[in-house]
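Residue numbers (the numbering used here), protein chains in the order written: chain V, 378 to 608; chain U, 67 to 173.
For glycine and all other residues, C-beta sits at the position ideal for the given N, C-alpha and C.
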Amino acid sequence: MRSFLKPGVLSGLKRSIPILLGYIPVAIAFAILALNAGFSPLLTIFMSATVFAGASQFIAVELLSNGIDYGIILVTTLVVNLRHLLMSFYISNHLQHWRWRDIYIFCFGLTDEAFALHSSRIAQGELLKIEAMTINIVGYGTWIFGTILGVLIGPLLMGNQAIALDFALPAMFIVLLVLIADSIKKLAVAIIAGCVAIVINLTGFGQWSVLLATVFVATIGLGIDRWKTKS
Amino acid sequence: MENEKLVFLIMGMALVTYIPRIAPAIFFSKKAMPELLNQWLQYVPSSIIGALLLSSLFMKEGSLHLAVSNTILLSAIPTVIFAYITKSPVFTVIIGVAIASALQAFL
Numbered sequence: 378m379r380s381f382l383k384p385g386v387l388s389g390l391k392r393s394i395p396i397l398l399g400y401i402p403v404a405i406a407f408a409i410l411a412l413n414a415g416f417s418p419l420l421t422i423f424m425s426a427t428v429f430a431g432a433s434q435f436i437a438v439e440l441l442s443n444g445i446d447y448g449i450i451l452v453t454t455l456v457v458n459l460r461h462l463l464m465s466f467y468i469s470n471h472l473q474h475w476r477w478r479d480i481y482i483f484c485f486g487l488t489d490e491a492f493a494l495h496s497s498r499i500a501q502g503e504l505l506k507i508e509a510m511t512i513n514i515v516g517y518g519t520w521i522f523g524t525i526l527g528v529l530i531g532p533l534l535m536g537n538q539a540i541a542l543d544f545a546l547p548a549m550f551i552v553l554l555v556l557i558a559d560s561i562k563k564l565a566v567a568i569i570a571g572c573v574a575i576v577i578n579l580t581g582f583g584q585w586s587v588l589l590a591t592v593f594v595a596t597i598g599l600g601i602d603r604w605k606t607k608s
Numbered sequence: 067m068e069n070e071k072l073v074f075l076i077m078g079m080a081l082v083t084y085i086p087r088i089a090p091a092i093f094f095s096k097k098a099m100p101e102l103l104n105q106w107l108q109y110v111p112s113s114i115i116g117a118l119l120l121s122s123l124f125m126k127e128g129s130l131h132l133a134v135s136n137t138i139l140l141s142a143i144p145t146v147i148f149a150y151i152t153k154s155p156v157f158t159v160i161i162g163v164a165i166a167s168a169l170q171a172f173l
């Protein structure tokens with residue numbers, strides 16, 4: 378079996394397991410919300426297949442059912458997704474030897490969860506193209522599969538919440554943070570960024586929280602570094 | 067609902083989602099980054115994951131959720147310990163979900 382697969386595919390599949398567990402219930406919940414808001418099954422699946430961004434899909438459906446203007450929905454979606462600028466910016470350093478076609482495909486699947494997996498790989502050494510592509514493709518496939526599942530038998534599945542799959546993604550972030558924040562300084566950065574994000578959320582600018590918290594904390598971190606090297 | 071207009075809205079959403087994901091890669095993937103930016107970027111992953119994680123643990127529907135009923139936050143404590151001991155994503159996620167399921171059933 379192993380010899381038929383390119384090296385990296387198997388490790389990519391293994392590393393995608395948390396995303397697999399985490400995305401399915403979220404996609405099912407999205408499908409149910411969209412159908413309740415009056416989306417056709419086909420449009421619901423179309424949205425997951427083209428947008429592929431959990432948070433903004435939920436927000437858009439929410440806004441639509443409240444009769445909000447399309448223009449506002451588009452601006453909100455953009456703002457919610459601005460945090461991906463930072464992720465793409467960070468990852469771009471590690472795509473130097475990739476073909477453009479692969480970069481275009483890869484970045485389409487650069488979700489929060491995929492980014493977290495890729496940065497833990499970078500912390501251990503270097504991004505492996507086939508493994509990284511596998512992770513993004515599994516994430517995308519899972520998102521569409523979960524949406525289809527939700528459209529077909531969503532209400533049936535929602536009753537069963539004995540398994541707390543809603544903790545799968547937070548648990549993945551915990552362990553990846555443990556792997557990435559391998560110094561006291563990085564751990565402090567993570568905790569301070571988290572606190573700043575929560576404060577921004579509480580002031581009602583939740584859509585900006587990750588972006589602003591990261592820019593703020595990374596800049597302070599850099600400032601401390603520069604100040605230390607000077608003195 | 068007017069399906070045709072919705073298709074355009076969804077395509078617009080796809081575009082404003084893809085642009086932030088691809089634009090920096092287009093501009094910077096084939097260039098050497100200045101040293102100062104590199105130094106700044108080293109804090110980006112911990113910061114983003116910290117922001118996403120702590121928001122999901124402590125917040126619910128836009129407000130702080132500090133209560134015993136917040137099983138997500140409670141489950142996070144043993145999960146952090148397991149994560150430090152095993153350093154294994156798959157194992158930690160499975161144990162974490164098991165703990166969260168148990169807490170949810172008993173609390």
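Under the rule that 16 or more other beta-carbon atoms within 10 Å means buried, what is residue i, buried or exposed?
{"i": "Gly-581/V", "result": "exposed"}
{"i": "Val-576/V", "result": "exposed"}
{"i": "His-495/V", "result": "buried"}
{"i": "Thr-596/V", "result": "exposed"}
{"i": "Trp-477/V", "result": "exposed"}
{"i": "Arg-603/V", "result": "exposed"}
{"i": "Gly-448/V", "result": "exposed"}
{"i": "Pro-100/U", "result": "exposed"}
{"i": "Phe-74/U", "result": "exposed"}
{"i": "His-474/V", "result": "exposed"}
{"i": "Gly-600/V", "result": "exposed"}
{"i": "Pro-384/V", "result": "exposed"}
{"i": "Ala-437/V", "result": "buried"}
{"i": "Lys-563/V", "result": "buried"}
I'd like the span of the alpha helix (DSSP H) that includes residue i, first residue to last.
{"i": "Gln-501/V", "result": "489-501"}
{"i": "Asp-559/V", "result": "Run containing Asp-559/V: none; DSSP gives neither H nor E here."}
{"i": "Ala-476/V", "result": "With the sequence shown as reference, residue 476/V is identified as Arg, and Ala is not the correct amino acid for it. No alpha helix (DSSP H) holds Arg-476/V; DSSP gives it neither H nor E."}
{"i": "Val-452/V", "result": "447-458"}
{"i": "Ala-411/V", "result": "394-413"}
{"i": "Pro-418/V", "result": "418-427"}
{"i": "Trp-604/V", "result": "586-607"}
{"i": "Gln-434/V", "result": "431-442"}
With a cut-off of 8 Å on the beta carbons, I'd call residue i and residue j a contact; round off their distance for me.
{"i": "Ala-166/U", "j": "Ile-147/U", "result": "Incorrect: roughly 14 Å between the Cβ atoms, too far for contact."}
{"i": "Ala-574/V", "j": "Ala-590/V", "result": "4 Å"}
{"i": "Ser-433/V", "j": "Asn-458/V", "result": "6 Å"}
{"i": "Ser-95/U", "j": "Leu-553/V", "result": "In fact, because the Cβ distance is near 23 Å, the residues do not count as touching under 8 Å."}
{"i": "Val-386/V", "j": "Ile-468/V", "result": "At roughly 20 Å, the Cβ-Cβ gap does not stay under 8 Å, so Val-386/V and Ile-468/V are not in contact."}
{"i": "Leu-398/V", "j": "Val-163/U", "result": "7 Å"}
| said: What ranges does the alpha helix (DSSP H) occupy inside the stretch 83-163 of chain U, keeping only unbroken runs of at least 4 residues that lie completely in it? | reply: Counting only runs of 4 or more, we get 101-107, 110-124, 137-152.
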